[in-house]
Amino acid sequence: MSTPILELDNLGKTFEADGHRVVALDGVSLTFNRGECHAIVGESGSGKTTIANLVLGLMPATSGSMRFNGVALPAERTKAHRRAIQLVQQNPLSALNPRRSVGASVRLPLDVHGIGVSRERGARVAGLLEEVGLEADYARRSPRGLSGGQRQRVAIARALACEPELIVLDEPTSALDVLVQARVLQLLQRLRQERGLTYLFITHDLAVVRAIATRVSVFQKGRLVETGPVESIFANPQSAYTRQLIGAIPVVTEEEAKIRNVIRAGTPTPLGTE
Amino acid sequence: MSEPGSPVIAKRSGSKAWQAYRSNPLSVAGLVIVAVIVFMAVFADYLTPFPEHVGPIGDFAAMNMGPSETYRLGTDTMGRDLFTRIIYGYQLSLIMAVVVLAIATPVGVIVGLVAGYKGGWTDYVLMRITDIFLAVPPLVLAMAIMGFLEPTLLNGMLAITAMWWPWYARLIYNVTRAEAQEGYVLAAETVGASTMHIIFREILPNCWPSILTKMTLDVGFVILMASSLSFLGLGVQPPTPDLGSMVAEGAKYMPDAWWLSVWPAIAILIIVLGFNLVGDGLREAFEAES
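Protein chains in written order, with the UniProt record's numbering: chain A, 1 to 274; chain B, 1 to 290.
So this is what it looks like as structure tokens:
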């Protein structure tokens with residue numbers, strides 16, 4: 001179970017702007033295990049988005065290194081790396097091109113990476129849409145007519161099209177309302193179980209962490225504060241900062257606890273689909 | 001028959017846009033004006049009783065006549081029917097506008113897309129070149145170019161094209177800079193799509209509303225610019241009927257033979273107004289759509 005998929009070794013990132021030096025990430029060493037949902041939590045400015053950008057190869061690290069499946073990740077990513085590490089963004093409104101159909105957006109990775117034969121890609125797109133709980137004929141629709149939750153499902157389908165090993169989920173549910181959020185989390189949980197995916201789940205919402213994560217790393221001001229399995233962090237937080245974050249979670253009602261259990265199970269579907 | 005700036009595009013990307021367009025009477029009026037002018041220009045040969053008046057002929061018995069039964073708008077200094085000269089002038093104006101925009105738009109759009117998406121040195125070099133063109137007053141630049149070249153129709157179009165593309169570069173540069181911040185561009189990048197794909201398949205479709213609106217407005221402005229050049233004697237030469245030259249020629253006979261300048265001037269005003277109304281309507285329609 002605990003084979004490392006991604007290892008960060010003393011990873012650092014410093015930004016320089018107008019003569020100011022801002023240390024966004026300060027020498028972080030961390031291991032992500034295959035098949036886990038590893039949550040990165042912290043307030044804004046804690047360095048969690050910087051980790052996402054570095055892992056995706058969107059910016060070069062200032063210091064340190066990363067290994068993916070035991071092999072060093074180059075600054076200029078190969079096509080294989082781009083395919084293996086995917087992203088689901090926070091804002092589903094912006095993540096889909098309003099002037100391209102849902103099908104075109106989901107098909108793009110298939111064309112880029114030459115996945116499958118050209119004429120069966122349409123069927124593949126339909127399959128991916130069904131896998132995320134949308135009907136196949138959504139392919140023809142414009143994202144403009146879709147709800148936030150539906151758009152996020154399309155974005156997830158697009159990430160899945162690459163057949164990735166690791167998906168960086170950057171606050172994937174924070175723009176959605178609570179019930180839709182629960183359904184999307186449920187979907188993510190199911191996909192992880194069925195496809196053996198690994199998630200790097202960035203969030204500021206510890207309630208979401210408790211619902212879906214297997215492991216948590218807490219960040220503050222670019223430093224790793226503590227890391228461990230989700231139960232032990234919540235049961236026995238070591239740092240004052242983590243205790244403070246946990247204290248900020250709203251008290252859980254019985255209803256919410258029930259939703260959470262459903263998400264954890266990852267099974268469909270007392271929550272239904274939207 | 002093609003109607004530039006017709007709502008076909010708006011219709012395709014949602015009836016909401018077409019409804020917004022239709023709801024404004026001024027936009028509809030603009031569309032009617034443009035449709036009538038395009039119709040007259042295309043079927044000029046059939047609409048005039050004097051198609052030969054387009055050429056260098058003279059009927060000195062009929063020169064400088066005011067509006068009458070035979071010559072509805074009067075005749076010019078060579079005795080040619082002004083109405084005929086004006087609809088052929090429209091034909092020429094529209095051809096010029098289409099040719100100028102057909103060259104200036106793609107050049108400017110590609111410069112703007114590449115500079116806006118690539119950034120860095122590419123951005124710096126391309127946009128500074130654009131700025132140099134933008135820094136010179138358009139009419140002065142066109143006049144300078146025409147000063148070097150023979151005053152022919154082709155050179156006139158080249159001069160106007162040379163001063164027109166930078167405006168598209170600047171516009172599309174700004175749109176691209178904004179679009180590049182959108183998540184769908186990041187998504188295409190993380191998926192591994194090529195720069196060509198991102199620029200032309202992802203960003204360009206989102207530039208179409210801006211491009212179409214500007215092109216429609218510009219048909220009027222290109223015609224105005226061409227008329228200004230020929231008014232100054234730098235554009236199309238006689239006997240080709242050109243609205244700008246007609247105003248210039250007729251000005252010598254003001255106010256006695258007022259019809260010589262006044263009708264072509266009104267003709268310019270109507271065509272520029274028509275395309276401006278359509279352009280404004282399109283802009284509002286695209287805003288309503290998004």
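Idealized CB from N, CA, C, for every residue including glycine.
Quantities reported herein were computed from a predicted structural model and do not represent experimental measurements.
Determine, using beta carbons only, whether B:Ala226 comes closer than 7 Å to chain A.
By 1-based counting over the second sequence, the position of residue 226 of chain B is 226. Not an interface residue.
Minimum C-alpha distance to B:Leu47 - residue among B:Ile266, B:Pro264, B:Gly116, B:Tyr90
Counting from 1 along the second sequence, the entry for residue 47 of chain B is found at position 47. With distances taken between Cα atoms, B:Leu47 lies closest to B:Tyr90.
Given a threshold of 16 other Cβ atoms within 10 Å of its Cβ, counted over all protein chains shown, does B:Trp18 qualify as buried or as exposed?
Here residue 18 of chain B corresponds to residue number 18 of the second sequence, with the count starting at 1. So B:Trp18 ends up on the buried side.
What residues in the region 171-195 of chain B bring their beta carbon closer than 9 Å to a beta carbon of chain A?
Gln181, Glu182, Gly183, Tyr184, Val185, Leu186, Ala187, Ala188, Glu189, Thr190, Val191, Gly192, Ala193, Ser194
May I have the straight-line CA-CA distance separating B:Ile211 from B:Gly30, to the nearest angstrom?
Taking the first residue of the second sequence as 1, we reach residue 211 of chain B at position 211. Taking the first residue of the second sequence as 1, we reach residue 30 of chain B at position 30. So the alpha carbons of these two residues sit roughly 19 Å apart.
Under 7 Å between C-beta atoms, does B:Glu287 make it to chain A?
The residue you call residue 287 of chain B lines up with position 287 of the second sequence. No, B:Glu287 does not count as interfacial toward chain A.
Quick check on A:Lys221: does DSSP put it in helix, strand or coil?
Within the first sequence, numbered from 1, the residue matching residue 221 of chain A stands at position 221. Correct three-state label for A:Lys221: coil.
C-beta neighbour in chain B for A:Arg82, strict 7 Å:
In the first sequence, the residue the question calls residue 82 of chain A occupies position 82. By this cut-off, A:Arg82 is an interface position.
Under 7 Å between C-beta atoms, does B:Pro205 make it to chain A?
Sequence index remark: in the second sequence, residue 205 of chain B carries index 205 (1-based). Closer than 7 Å: yes.
Closest by CA to A:Ser105, which one among A:Lys221, A:Glu226, A:Val209, A:Arg144?
Here the question's residue 105 of chain A lines up with position 105 in the first sequence. If we check each option's Cα against that of A:Ser105, A:Arg144 comes out closest.
Terminal residues of the alpha helix (DSSP H) in which B:Thr190 lies:
Taking the first residue of the second sequence as 1, we reach residue 190 of chain B at position 190. 183-191 is the span of the alpha helix (DSSP H), which, as asked, contains B:Thr190.
So if DSSP puts A:Ala72 in a beta bridge, which residue, or which two residues, is it bridged to?
Indexing the first sequence from 1 puts residue 72 of chain A at position 72. Looking at the DSSP assignment, A:Ala72 forms a beta bridge with A:Arg67.
Contact the region 85-92 of chain A vs the region 146-155 of chain A: 3+ CB pairs below 8 Å:
yes
Report yes or no: do three or more beta-carbon pairs, one from the region 145-165 of chain B and one from the region 236-243 of chain B, lie closer than 8 Å?
yes
Helix, strand or coil for B:Pro4 per DSSP?
Counting from one through the second sequence, the residue named residue 4 of chain B turns up at place 4. Reliability fails at B:Pro4, whose pLDDT of 42 lies under 50, so the model's placement of it is uncertain and the value that follows must be treated cautiously. It is coil, neither helix nor strand.
So the beta strand (DSSP E) A:Asp9 belongs to, where does it begin and stop?
Start at 1 with the first residue of the first sequence, and residue 9 of chain A comes out as number 9. 4-17 is the span of the beta strand (DSSP E), which, as asked, contains A:Asp9.
B:Cys207 in three-state terms, based on DSSP
Stepping through the second sequence from its first residue, residue 207 of chain B is reached at position 207. Three-state DSSP puts B:Cys207 in a helix.
Whose C-alpha, out of A:Gln238, A:Gly35, A:Leu146, is nearest the C-alpha of A:Tyr199?
Residue numbering aside, residue 199 of chain A sits at position 199 when the first sequence is read from its first letter. Closest by alpha carbon: A:Gly35.
Examine chain A for any beta-carbon lying closer than 7 Å to the beta-carbon of B:Phe202, and answer yes or no.
Along the second sequence, one-based indexing puts residue 202 of chain B at 202. Looking at the sequence itself, residue 202 of chain B is Glu, so the reference to Phe does not match. By this cut-off, B:Glu202 is an interface position.
Where does A:Ile233 fall in DSSP's three states?
Residue numbering aside, residue 233 of chain A sits at position 233 when the first sequence is read from its first letter. Three-state result, A:Ile233: helix.
Count Cβ pairs between the region 155-166 of chain B and the region 125-142 of chain B that sit closer than 8 Å; are there 3 or more?
yes
Return no unless some Cβ of chain B is closer than 7 Å to the Cβ of A:Asn33.
Indexing the first sequence from 1 puts residue 33 of chain A at position 33. By this cut-off, A:Asn33 is not an interface position.
Neighbour list for A:Val112 in chain B, Cβ cutoff strictly below 8 Å:
Locating residue 112 of chain A in the first sequence gives position 112, where the first residue counts as 1. By Cβ distance, chain B contributes Val191, Gly192, Ala193, Ser194, His197.
Can you tell me whether DSSP reads A:Asn33 as helix, strand or coil?
Locating residue 33 of chain A in the first sequence gives position 33, where the first residue counts as 1. A:Asn33: strand per DSSP, three-state reduction.
Meets three-Cβ-pair contact criterion under 8 Å: the region 273-280 of chain B and the region 226-237 of chain B
no
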